[in-house]
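To convert, count from 1 in the sequence shown and add 4; that's my numbering. Built from N, CA and C at the ideal position, the CB exists for glycine as well. A short write-up of the structure that comes next.
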Amino acid sequence: MQIQSIPHHLAIIMDGNGRWAHQRGQPRTIGHVKGTRVAKEIIRECSRLGVKYLTLYAFSSENWHRPQMEVSLLMKILRRYLKRETENLVKENIRFSVIGDFFRLPEDVMESIVAAQNATAHCDGLQLIFALSYGSRAEILSAVKTIAQEIVENKLRPEDIDEATFKEHLFTKFTPDPDLIIRTSGECRISNFLLWQMAYSELYFSPVLWPDFKKADLYAAFRDYEKRQRRFGRTSVQIENLFN
Ligand code: FPP
């Protein structure tokens, strides 16, 4: 499969697990189990294709409001994923990290995350980021609060705050903004995901439910991305001149 332009940073909203299960008369949790298998396959394929950063929206801050049984199952899936996959991540040179309200997670999940982060810290291939207990508005608010505190403590002057300073206070300070954001399941919304970071991201909405998402669907998204002209506010002519 020939793709000319692979996004440097791909972010995915993996949506549709519940509907996939419902269509089969199964509990929602079965959709999450199948969704996890798909995530593993897509992580491996992104690594193979040379995507440098992959952010997966695995659990939003709003997902805490789901029925207790579903939340517990999602935590169990995470625990199991981290336990079983860390060794494979190391083998595949994939570095693992997390963004979100880490301290809201169950203690043993936090411990497994720290263990996976430590074990993969030396890996310099794909940088795999799970957004867990993540909400973009909360992330932005937390940045604003820290900046305000730094001003009170005379560590920062209001006139010195620019976009770079702001970015420094986000969970994603070490990560470039996403080039492409894919949302599966036909829903066309962003659901509190990377709101600051997506200012110039390309968006791709796939009708496929996440548990049915295949490598071919990923390639279709990349082919579509390849055709986009990213202008960052400039004109087409300016962009063409930049590359000629
Ligand atoms: C959205 O589907 C999906 C989630 C809230 C969880 C996503 C989690 C996984 C795919 C499993 C965890 C992944 C890893 C890699 C450990 P939904 O339940 O909102 O589906 P619906 O919109 O059809 O109800």
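- In the three-state reduction of the DSSP assignment, T150 falls in the helix class.
- L130 is positioned such that its CB atom lies closer than 8 Å to that of S51.
- Segment contact: the segment 160 to 180 against the segment 79 to 98, fewer than three CB-CB distances shorter than 8 Å; contact not assigned.
- If the five residues before and after Q201 are omitted, its C-beta is found closer than 7 Å to the C-beta atoms of T176, D181, P182, all from its own chain and listed in chain order.
- For the segment 44 to 97, the full-length alpha helix (DSSP H) segments reaching 4 residues or more read 72 to 95 along the chain.
- Within the chosen limit of 7 Å, the ligand FPP reaches the beta carbon of W214 through at least one heavy atom.
- Taking a cut-off of 8 Å on C-beta distances, the segment 19 to 38 does not touch the segment 87 to 107, as fewer than three cross pairs fall below it.
- In this structure, the C-beta of Y85 approaches the ligand FPP to less than 7 Å from one of its heavy atoms.
- Contact holds between the segment 52 to 67 and the segment 125 to 140, because three or more Cβ pairs, one in each stretch, are under 8 Å apart.
- Between E206 and R234, the C-beta spacing is below 8 Å.
- Secondary-structure assignment with DSSP links Q131 through a beta bridge to Y57, R99.
- The alpha-carbon of F170 is positioned some 13 Å away from that of L199.
- Looking at the DSSP output, Y138 shares a beta bridge with S64.
- D112 has its Cβ no nearer than 7 Å to any heavy atom of the ligand FPP.
- Using a Cβ distance threshold of 8 Å, K44 and W24 do not count as a contacting pair.
- Within 10 angstroms of the beta-carbon of M18 lie 16 or more other beta-carbons, which makes it buried.
- Buried is the label assigned to A225, since at least 16 other Cβ atoms lie within 10 Å of its Cβ.
- In terms of CA proximity to I185, I16 leads the group H12, I16, Q6.
- Contact between M73 and V113 is ruled out by a C-beta separation of about 17 Å, above the 8 Å threshold.
- For S189, same chain residues with a beta-carbon under 6 Å away, outside a window of 5 residues either side, are D19, G20, L213 in chain order.
- Spanning the alpha carbons of I7 and L53 requires a straight line of approximately 9 Å.
- For E206, the secondary structure class from DSSP, reduced to helix, strand or coil, is strand.
- Where H26 is concerned, the enclosing alpha helix (DSSP H) starts and stops at 21 to 27.
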